[in-house]
């Protein structure tokens, strides 16, 4: 480059280009900092404090900081609830994939275009209606004298009345129901982006339905599956409504435990410590899950690789 | 046929064309042999729309056959039925002598080159090409050798490790051809494969595809709406209209002896006149008298008829000729330079006439000049008026 060419670049252009996006995104970044990052930091801070009900409305004494809350939380009850929360969430996420994928596949590839929007709305709209009412509604069929129990008795599947209410099963069932819509939506988007001829090309090249699915459709839909897992697994781990309404004592989840610490026991530091550990556990779960996926993908890719040998 | 396409014995799955003299001994069409394709009164409907209407077609083994026609003529649907993506509602299809009703695409001995290439975006070029072989559980060492061979045929070996989105349209096109050919199908189906390429690249690919086809001796069925493309590559062309074959012949016959006004209008360009038959010609609506010596269709005296005249058959004169038959007087309204030829647009009455003169020795006229168009009776095509609406839908537009 010659000197005049370099000089012809207006010096003001560069800084403007750099600051423009920052200025535009500034308000929303500030908003997130003030109402998301800061409260989380606050929770982390509280988790080191001690309970002091004399200091309402914030019953936390920040003068004696320590790890005592974490030490307390590492008790038998906490671990039991913690384990069951992770179990329920992992199983529910897996079920959401298993249920959501065929539904999304069906809507994307097997339904005529004009029905697609209607079906999608039927799946999505309930997911966005009142969460509380939908969860409460489950109490009716799940009760001992409820519809499900009566039906099963009439068909002689069971002898006496069963009550799924206030059990882990009820929580498991309802949590899958509550979140499956959030799995179907990203899956549909991912599948819909796969161009039609790709699946035809696969069949044309000798792959049957199953192999076309496993080698073309599924790999191309994987970003949607990852998005769906994140959209369901993370909120499931923190869910407290389902456990509070349907879980009773046997179906407790961390979210409900944290909520009871904050609201019922007025023990903010203890609740904060549990919340921090839960967030950490979710992160660990996601990192482990991501790593396992990465390894599996690498192995699969290596099997598919074609080396042309001498030409490389 | 001067070419000896032959595939000796059952499933001759070799790339090298076997040039032997006992070609096509069983029958002149090669029906039933490996690489042959037969369609017998095949009909396909989508709702109330008839896409393919009792179509009959026999493709010879090793032939380069084009399905040519305007959009909506059923050519792509026909190809999709051969590939197995659509099932015919009526009629039969035989590929290499085997009925293929209900045979899914993955069990057919045909491969397709798709319009938008349809390369798998998550796989490299080599993995894309190897895909078909892997489905047949070909040993790894053989896969590598055959992928290398196929990529070599389309000169893409160097880009074997690229992903499709890192390549140009022309490169993707070559990979798509390699991916189909690596399976050594008896029949290769090509669905407007060059439609998305620019003109220069398209012409290069036309030559390469044609060369590849004659080297491999594989039957190519090539769908296109581009008549020049079909003319330059094909052994035979099936010109389709409304779901049936309007004419099936080699490029020269199709050009020289179009079987209908539609074919005459679709292959090359033509000036059309509508009028009333007078036995050995017609009197056009504007009074022009046409004498034709070779009617392509029989038209009885007094019936509506069409005369067609190719732009290159017309001679342009600056002075009035002595005769008045096969002559139109007008005024030059446009001149275009096509490199090797000159195109004049002559306005005669209320219609425009296109005249093409070779550059060497062409008469030079300017817009506004008076001009007389004259032609030989041997160059006048003569058809019934049944397809008048098809070829003269908009006279103003047809003239441009």
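Chains as they are written, first to last, in the numbering used here: chain A, 29 to 340; chain B, 1047 to 1446.
Think of the CB as a built atom: it goes at the ideal place given N, C-alpha and C, for glycine as much as any other residue.
- In the structure shown, residue 1164 (chain B) adopts coil according to DSSP, grouped into three states.
- For the stretch 1077-1119 of chain B, the full-length beta strand (DSSP E) segments reaching 3 residues or more read 1083-1092, 1095-1105 and 1110-1114 along the chain.
- Residues of chain A whose Cβ lies closer than 8 Å to the Cβ of residue 1173 (chain B) are, in chain order, 332, 333 and 334.
- Between residue 226 (chain A) and residue 1166 (chain B), the CB-CB gap stays under 8 Å.
- DSSP places residue 189 (chain A) in no beta strand (DSSP E); its state is neither H nor E.
- In the three-state DSSP reduction, residue 85 (chain A) falls in the coil class, being neither helix nor strand.
- Listed along chain A, the residues sitting closer than 7 Å to residue 1182 (chain B) by beta-carbon distance are 234.
- Taking a 10 Å sphere around the C-beta of residue 86 (chain A), we find fewer than 16 other C-beta atoms and assign the residue as exposed.
- When DSSP states are grouped into helix, strand and coil, residue 1238 (chain B) belongs to the coil group.
- Taking a contact to require three or more Cβ pairs closer than 8 Å, the stretch 1152-1165 of chain B and the stretch 231-242 of chain A qualify as touching.
- Using a Cβ-Cβ cut-off of 7 Å, residue 144 (chain A) is close to nothing in chain B; its nearest Cβ partner there is about 18 Å away.
- The beta-carbon of residue 1219 (chain B) is placed no less than 8 Å from the nearest beta-carbon of chain A.
- The three-state reading of DSSP puts residue 329 (chain A) in helix, counting H, G and I together.
- Annotation: residue 1104 (chain B) to residue 205 (chain A) spans about 57 Å, alpha carbon to alpha carbon.
- Collapsing the DSSP output to three states places residue 1318 (chain B) in a strand.
- DSSP, read as helix, strand or coil, puts residue 143 (chain A) in helix.
- In the displayed model, residue 1142 (chain B) falls within coil according to three-state DSSP, outside both helix and strand.
- Residue environment: residue 249 (chain A) is assigned as buried (16 or more neighbouring CB atoms within 10 Å of its CB, all protein chains considered).
- The stretch 1181-1190 of chain B and the stretch 1263-1270 of chain B do not touch, with fewer than 3 CB-CB distances between them shorter than 8 Å.
- In summary, the residues of the stretch 1149-1163 of chain B whose CB is separated from some CB of chain A by less than 9 Å are 1150, 1151, 1152, 1153, 1154, 1156, 1157, 1158, 1160, 1161, 1162 and 1163, in the order they occur in the chain.
- Annotation for residue 107 (chain A): the continuous alpha helix (DSSP H) segment containing it runs 104-133.
- Membership of residue 1328 (chain B) in the beta strand (DSSP E) is indicated by the continuous run 1327-1330.
- Listed along chain A are 334, each with a C-beta nearer than 9 Å to that of residue 1189 (chain B).
- Put simply, of A:267, A:271, A:215 and A:258 the residue whose alpha carbon is nearest the alpha carbon of residue 246 (chain A) is A:215.
- When the Cα atoms are used, residue 1416 (chain B) and residue 1076 (chain B) turn out to be separated by approximately 56 Å.
- At a cut-off of 8 Å between beta carbons, residue 1131 (chain B) contacts chain A.
- Restricting attention to B:1151, B:1350 and B:1120, the CA atom closest to the CA of residue 1290 (chain B) is found in B:1120.
- With respect to the 8 Å criterion, residue 283 (chain A) and residue 195 (chain A) are not classified as neighbours on the basis of their beta carbons.
- Proximity of chain B to residue 225 (chain A) at the Cβ level (cut-off 7 Å) is accounted for by 1160, 1162 and 1164, in chain order.
- Taking a Cβ-Cβ threshold of 9 Å, the residues of chain B close to residue 228 (chain A) are 1126, 1129, 1131, 1151, 1158, 1160 and 1164, in chain order.
- The stretch 1204-1211 of chain B makes contact with the stretch 1170-1181 of chain B, as at least three CB pairs between them are under 8 Å.
- When beta bridges are read from the DSSP output, residue 1344 (chain B) appears opposite no residue.
- In this structure residue 1312 (chain B) is not in contact with residue 1361 (chain B), their Cβ atoms being roughly 25 Å apart against a cut-off of 8 Å.
- Annotation for residue 66 (chain A): no beta strand (DSSP E) segment contains it, though the alpha helix (DSSP H) segment containing it runs 66-74.
- As DSSP reads the structure, residue 1382 (chain B) sits in a beta bridge with B:1389.
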